[in-house]
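First comes the structure, then the notes that go with it.
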Amino acid sequence: MTLTSPHSQTAQACLDQLSAGPGGLSPEEAASRLETYGPNRLPEAAGRSALVRFLSQFRNVLIYVLLGAAVVTALLQHWVDTAVILAVVAGNAMIGFLQEGKAEAAMAAIRSMLAPRAAVLRGGQRVSVDGTALVPGDVVLLEAGDKVPADLRLLQAHGLSAQEAILTGESVPADKSAAPVAEDAPLGDRRSMLWSGTLVTQGSGRGLVVATGTHTEIGRIGGLLSGVETLKTPLVEQMDHFARWLSLLIVLAAAILLAWGYFLGGHPFASLFMAVVGVAVAAIPEGLPAVTTITLAIGVRAMAQRHAIIRRLPAIEAIGSVSVICTDKTGTLTRNEMAVVSVETPDGVFEVQGDGYAPSGAIQPRGDLSQFARTAALCNDAALACKGGHWIVEGDPMEGALLAFAGKAAGGIDAGRLDVIPFDSRHRYMAVLAEAGGERITHVKGAPERVMRMCHGIDLPHWHDRAEAMAKRGLRVLALAMRHETGPEIDRDSLDGSLTFLGLAGLIDPPRPEAIEAVAECRAAGIRVKMITGDHAGTAAAIARQIGLENPHRVLTGADLDRLDDPQLAMEVVDCDVFARTSPEHKLRLVAALQARGLSVAMTGDGVNDAPALKRADAGIAMGLKGSEAAKEAADLVLADDNFASIAAAVREGRTVWDNLKKVISWTLPTSAGQALPIILALFLGLALPVTAVQVLWINLVSSVTLGLALAFEPSEPGTMARPPRRRDAPLLTGDLVWHIVLVGSLFVATVFGMFNYALARGYSLELAQTISVNTVVVLEIFHLFFIRNIYGTSLTWAAVKGTKVVWTVILAVTAAQFAVTYLPPLQMLLGTDAVPFADGLLIVAAGVVFFALTEIEKQIRLGLRVRPGKA
């Protein structure tokens, strides 16, 4: 049973609708309702069996082609090649298997947020029951420190506040009361409600259970989360598309070649079939999945060193391609710590500096704020503590900020309390009577409009305007006042009109300084940063201005978004950068609207309310320190230091990973074509094969994975963060790459046939001529490796020639393997090779130098033509 808009109804009306009384339900009625409505917990999603999850990893066209290649190589009894291919397939499947099931883990994290026990009234008696046993109509008793066990409509509230950041994004606890609010009030303004999974920070109260389990606000978010489709990253989508077309092309080419050679060329079928298999294996980039996985894994390690923990391998490429970052405010761009930043007194305006809750920092201009600081410190229930060099607050964050300010303004303050009037939402102030040095003073703090009415000799219109101006800057405003006392307790009835006004304190959850730099770096990289928060519009706009968002002056609230249909929202979402008072549905709509415009979206957040949007985004980024478990489980990436600046570092690493993947692909495809094309051309022209099928398999084994692997370790190229992000729909096989495949493949064919015919013309045996061809292919692949290491600039630099330790290690290993195959008799017998004369070896290297020069000249011409129009 759930009620419609219980926040807008009176408490008695809610009791009547649920057939409940202020003394709670009888034990018999509670048991009956538990049978009807079920336990107060979220249902567990049905998970797939481990076997099904593992087998699902093989549903990929390129995997099918690789398995086919493994079968063929097994039929040829090339067991080493078969083992390598199967190892690649099994490794990819195991990685995918271990990364599956994240949505179920997110749901489990949300389920764990429900309170384990609750104090309720049953038959007028207070009893403690398991949280799962709560039913609509139960009356729950709450005190400071309790976790709210279900969605409650407040019946009574005594100075009650609740920390609701996991749902609303607000930095400070929300004050609660039993009075109804407007029906269309946003979630964060429904002060008559307490939400399941939130925390009572102060005060006490009683609440009527109006929703349990899946009907609670957290349960509704869990339903949203389970219904959100996890989008494939651009890399996964493009690799799937590429694999389908590449597989079709290879099978079609092999069939045509087999038919041509048998029917028109007159080749014997057995030898022809072996040659065609060699071509197919040469054309299949079987090392590509392995090198792709290793490249991503290396990126994961590099990101971890920058405090960004990757939870799914493809996500590292996704973060590098984002064009929009949708970020939560509280705890992400801001510290999630309140601080006094401005004080206005009758003596002037003072700006307060400092770091977090540390009681040290400058106040400009200098002035006597000792009495203001004394009231701020004594009218206070919080405490500050320094743990591990970091100052933390125990209690209300705003009171902790006042303590930190008092330390900055007056140092230590020592006084004994004599009497206290606790804060209550009905009178909206707190008063403390304290004695120091024989002087008794009542210190008062509270809502400006209430405290100012209690003061004498004050220009009310002026100070109301000043408080309003501070609020428009996004500050939370408190008023402070005092009066001298003579008695042992506060005379409550005489407070009104007797206080001396001390001034106003403006507090804010300040932005992280490093977040300001990170936003600027993201904007320079062509990445738009948008703030999506549950906080108030004024606070959101103030933070947006401070951190340097592109368009901080326009704010759309959740109510504004509700008035826009999806096409209108898709138009508005691009230019607006600040969204306030948003719900989980709003965040989902905003992410989907940006994706509908062809943009790759990263979503950051830390609350349960962020989890659905984190799952939907191309790259979901959760906060590791202050983030909820639900947010972490729904995300692809977790920031171990909760620092927005780590996102910019992650983008840089992600772009480097993509560049390295692009280099791997740009090296693998042309060299695969270069291995296959000489055999294809020889079969079509009826010529002797310059490279045998078994030699092609050897080239695959010794170079295809090893040389390509070296590119996975390449550092970032200059200007990585100066380039605009690539489009979400940018193809993997670009026009430049197709042209590069054609160019390199043609140069391979020309060079291999040139060296092969040169050897035959010198009267060398067919075995020696083919050995020269094999070594030529490997040398061309090595020179192509040096060429492809720099795709955005020249390769003719000392840094390019110097390479990396990995590059030279791999090259030395491949060179040693080639020397062994060429000169060791056992391997000569196995692969049909012969010793190459020294002079011919030098000629092979010279051919590689010419190949490198031609490809580098072509690249410089291409880059020059691309830059010139921009200069004009």
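The letter at position 757 of the sequence shown is residue 757 when you use the working numbering, and the numbering goes up by one with no holes. Backbone N, C-alpha and C fix where the C-beta goes; we use that ideal spot for every residue, glycine too.
As far as DSSP is concerned, Gly-793 takes part in no beta bridge.
By the CB criterion at 9 Å, Met-452 and Ala-431 fall outside the cutoff. Within the same chain, Ile-319, Gly-320, Val-322, Cys-522, Ala-525, Ile-527, Met-721 come within 8 Å of Val-651 by CB-CB distance, once the 5 residues on both sides are set aside.
Between Val-529 and Glu-514, the C-beta spacing is not below 9 Å. About 4 Å separates the CB atoms of Gly-605 and Asp-328; that is less than 8 Å, so the two are in contact. Looking at the DSSP output, Tyr-429 shares a beta bridge with Gly-446. C-alpha of Leu-502 to C-alpha of Val-127: approximately 47 Å in a straight line.
For Ala-580, the uninterrupted beta strand (DSSP E) run begins and ends at 578-580, by DSSP.
For the pair Gly-548 and Ile-516, the Cα-to-Cα distance works out to about 7 Å.
Distances from the CA of Lys-176 to each of Ala-185, Leu-167, Gly-205 were compared; the closest alpha carbon is that of Gly-205.
Contact annotation: the region 16-36 touches the region 115-124, with at least three C-beta pairs closer than 8 Å. Of the residues Val-300, Thr-4, Leu-154, the one whose Cα lies closest to the Cα of Val-657 is Val-300. The three-state secondary structure of Leu-785, taken from DSSP, is helix. DSSP, read as helix, strand or coil, puts Trp-391 in strand. Between the region 153-161 and the region 178-195 there are three or more inter-stretch CB-CB distances shorter than 8 Å, so the stretches are counted as touching. Remark: C-beta atoms of Tyr-758 and Leu-843 approach each other more closely than 9 Å. Pairing Ala-649 with Ile-791, the inter-Cα distance amounts to about 21 Å. For Val-696, the uninterrupted alpha helix (DSSP H) run begins and ends at 693-699, by DSSP. For Arg-652, the three-state secondary structure derived from DSSP is helix. With fewer than three CB-CB distances shorter than 8 Å, the region 742-750 does not count as touching the region 805-824.
Counting of Cβ neighbours within 10 angstroms places Val-200 among the buried residues, the total reaching 16 or more.
Between Phe-753 and Leu-780 the beta-carbon gap is near 12 Å, outside 8 Å, which marks them as no contact. Shortest Cα-Cα distance from Arg-616 to any of Leu-625, Gly-624, Ala-596 involves Ala-596. For secondary structure counted as the alpha helix (DSSP H) over 4 or more consecutive residues, the region 336-378 holds these complete runs in sequence order: 370-378. Take Phe-273, set aside five residues on each side of it, and the residues of its chain with a beta-carbon closer than 8 Å to its own are Leu-258, in chain order. In this model, Ala-255 and Gly-598 are separated by some 38 Å (Cα to Cα). When rounded, the separation of the alpha-carbon atoms in Ile-665 and Gly-674 is 14 Å. Look at Val-279 here: in three-state DSSP terms it is helix. Beyond the five residues adjoining it in sequence on each side, Leu-569 comes within less than 8 Å, by CB distance, of Leu-561, Arg-589, Leu-590, Ala-593 in the same chain, given in chain order. As a beta-bridge residue in DSSP terms, Val-324 pairs with Arg-528, Val-601. CA-CA distance, Pro-346 to Glu-439, rounds to 23 Å. From the listed residues Ser-192, Gly-803, Trp-79, Leu-854, the smallest Cα separation to Val-210 is found for Ser-192. Taking 9 Å as the cut-off, the Cβ atoms of His-553 and Ala-541 count as close.
Taking a 10 Å sphere around the C-beta of His-215, we find 16 or more other C-beta atoms and assign the residue as buried. Under the three-state reduction of DSSP, Asp-130 is assigned to strand. Proximity to Asp-641 across Gly-131, Arg-563, Gly-331 peaks at Gly-331, based on C-alpha coordinates.
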